[in-house]
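Trainee: Here the numbering used here is used: the first residue of the sequence shown is -7, the next is one more, and so on. Heads up, the beta-carbon is just placed ideally off N, CA and C, and yes, glycines get one too.
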Amino acid sequence: MTSYILDFDYLTQLVAIRGLLGRNQQADATLSKEISDSAEWARQTTGRANDFAVDQMVDLLHISIYQAVAHSMAAVGMLAPFMEGVFKDAFKRIGEELPRRDTAKNILAIAERRGLTPCYLPDDLATTIEALFRYRNDSLHWGFEWPKYVCQQFQDATAQWPDGWFEVARIDAEPWMFSMSATFIDHCFEVAKETVGGLQDFLVDVARRENGLKPLGRQKERMSWLWDG
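#1: From Ile163 to Ala45, what distance separates their C-alpha atoms?
#2: According to DSSP, simplified to helix, strand and coil, what is Arg201?
#3: Flag this pair as yes or no: are the beta carbons of Glu26 and Leu3 separated by less than 7 Å?
#4: Taking the alpha-carbon of Val198 as reference, which of Val188, Gly209, Glu182 has the nearest alpha-carbon?
#5: Could you pull the DSSP bridge partners for Met75 from this structure?
#6: Since Phe158 sits in a beta bridge, which residues does DSSP pair it with?
#7: Which residue or residues does DSSP assign as beta-bridge partners of Glu166?
#8: If you follow the alpha helix (DSSP H) that Asp148 is in, where does it begin and where does it stop?
#9: Is it a yes or a no for the region 168 to 177 touching the region 147 to 159, going by three-plus beta-carbon pairs under 8 Å?
#10: If you draw a straight line from the C-alpha of Thr187 to the C-alpha of Phe194, how long is it?
#11: Looking at the secondary structure, which residues open and close the alpha helix (DSSP H) in which Leu117 lies?
#12: Going by Cα to Cα distance, which pick from Asp47, Asn129, Glu137, Gln48 is closest to Glu166?
#13: Have a look at Arg92 and Leu132 and give me their C-alpha separation to the nearest angstrom.
#14: Where does Glu137 fall in DSSP's three states?
#15: Taking the alpha helix (DSSP H) that Gly87 falls in, what are its first and last residues?
#16: Kindly indicate the opening and closing residues of the alpha helix (DSSP H) around Tyr2.
#17: Between the region 95 to 109 and the region 36 to 45, can you find at least three pairs of beta-carbon atoms closer than 8 Å?
#18: Does DSSP put Lys97 in a helix, a strand or coil?
#19: With a threshold of 8 Å, are at least 3 pairs of Cβ atoms found where one atom belongs to the region 5 to 23 and the other to the region 60 to 70?
#20: Is it right to say Gln211 is buried, meaning 16 or more other beta carbons lie within 10 angstroms of its own, or is it exposed?
#21: May I ask you to report which of helix, strand or coil DSSP gives Arg105?
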C-alpha cells in the first residue's frame, strides 16, 4: 500500500506547545494574584503606604497588558506555523502545494476541493485559522503596539469572529493593544489537535481507496489517549 503518512512528529510538537502554554498560564495566574494582593493592600492602608500600594498596583496592571501580549505572541508564534506546516505536509502527500500568500483562504480552498471538509476537519476551522493567521500577521509585523490604523482594522475584523476570542486594552476608548484570550488559545490548540488527527485519517483513506479498500472516515478516538487527564 502506498504510504501517505505525515512526515513529522506533530503529536509531540503539540505536547511541547501545550507545556509552554501551561507555563504561561501559570505566570498569568501569579501576576493576577499579585495585582489582587496589591489592591487589597491599597484598601487597607492610608497615607504614604496607600500611595505606594496604589502605584504598585497600577504598575502591575500596566505590566499585565504587555505580558498578555507577550504570551499571545508566543502562542500564535507556535500555533500558526504549526497549522500551516501540517497542512503543507498533508497537501504535499496528495500532490498539492500551498501558496505562500492568503494562507487561510488557500488552505480552505484545497481542503474543500480534495474532500477534506466537512468530514475530516473541525467545523469551525475556517473562522479559527482566519483569526489566528490575521493576528499572527499583525503581531509579527508590528510587535506589541500597533499603529492606530492597524488597531482599528483589527478591531473591525474581530466583529466577524466569536466574542471573547481577543482582549483589547484601550487608551481614551481607542484600541491600543490586542491579545489572544485564554479561551481562544485553548480553542486553537484543540483545533490543531483535531486537525492533525483529521489529516492523518484523510491520508489513510486516500491510500485505502487507491487499493480498493473502504475508507474508514474520521477516527477521533485514536488520539484521545494522549490527552486524557
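Mentor: Looking at the coordinates:
#1: 23 Å
#2: helix
#3: no
#4: Gly209
#5: Paired residues: none, contrary to the question.
#6: Met172
#7: Ile163
#8: 140 to 149
#9: yes
#10: For Thr187 and Phe194, the distance between alpha carbons rounds to 10 Å.
#11: 117 to 134
#12: With respect to the C-alpha of Glu166, the residue from Asp47, Asn129, Glu137, Gln48 having the closest C-alpha is Glu137.
#13: A straight line joining the alpha-carbon of Arg92 with that of Leu132 spans about 16 Å.
#14: Here Glu137 sits in coil by DSSP.
#15: Counting along the chain, Gly87 falls outside any alpha helix (DSSP H), and DSSP gives it neither H nor E.
#16: Element bounds for Tyr2: 2 to 36.
#17: no
#18: helix
#19: yes
#20: Exposed, since its Cβ has fewer than 16 Cβ neighbours within 10 Å.
#21: helix
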